[in-house]
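Quick note on the UniProt record's numbering: the sequence shown kicks off at 1 and runs consecutively. Cβ atoms here follow ideal geometry from the backbone N, Cα and C, with glycine treated the same way. Computed from a predicted structure; not experimentally measured.
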Amino acid sequence: MSPRGRPARALAPFSGRFLVHGGAVEVREGQWPGDVVLVEFPSMAHARDFYDSAAYQEIKPLRTAHLEGDLIIVDGVDPDHDSAEMAAALRSA
């Protein structure tokens, strides 16, 4: 089976979708050494389940053999997120 389309098919059962997959990177501050791939999942649990899935483990070599980089899972923010509240909480901690 061709590698083309395999990542999207592996993401589908976990409701994952590409938000960014390469493309132009415009560095305004600091340094950025390469491209960006950003995948959205409905929850941290979905992201973890995808990472641990047989489907991802099967295609993981497609990424690791051709790319050097980090893979992280982060929790997003709610649509009503207030950055001022977050900054205040961090300052008081």
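What's the C-alpha gap between residue i and residue j?
i, j, result
"Glu40", "Gly16", "5 Å"
"Val36", "Leu11", "17 Å"
"Ala89", "Ile73", "23 Å"
"Gly69", "Gly34", "9 Å"
"Arg4", "Ser92", "49 Å"
Would residue i count as contacting chain B if we go by Cβ distances under 8 Å?
i, result
"Gly76", "This model lacks chain B altogether, as it is built from one protein chain only."
From which residue to which residue does the alpha helix (DSSP H) around residue i run?
i, result
"Arg9", "Arg6 to Leu11"
"Leu62", "Ala54 to Thr64"
Identify the residues that DSSP records as bridge partners of residue i: which are they?
i, result
"His21", "Val37"
Which one of the options has the shortest CA to CA distance from residue i?
i, options, result
"Asp52", "Gly34, Leu71, Leu38 and Leu67", "Leu71"
"Met44", "Gly69, Val77 and Ala24", "Val77"
"Pro79", "Thr64, Pro7 and Pro42", "Pro42"
- Between the segment 45-60 and the segment 28-37, do three or more beta carbon pairs fall short of 8 Å? no
- Message: Below 8 Å, how does it come out for the segment 17-24 and the segment 53-71: are there three or more Cβ pairs, yes or no?
- Response: no
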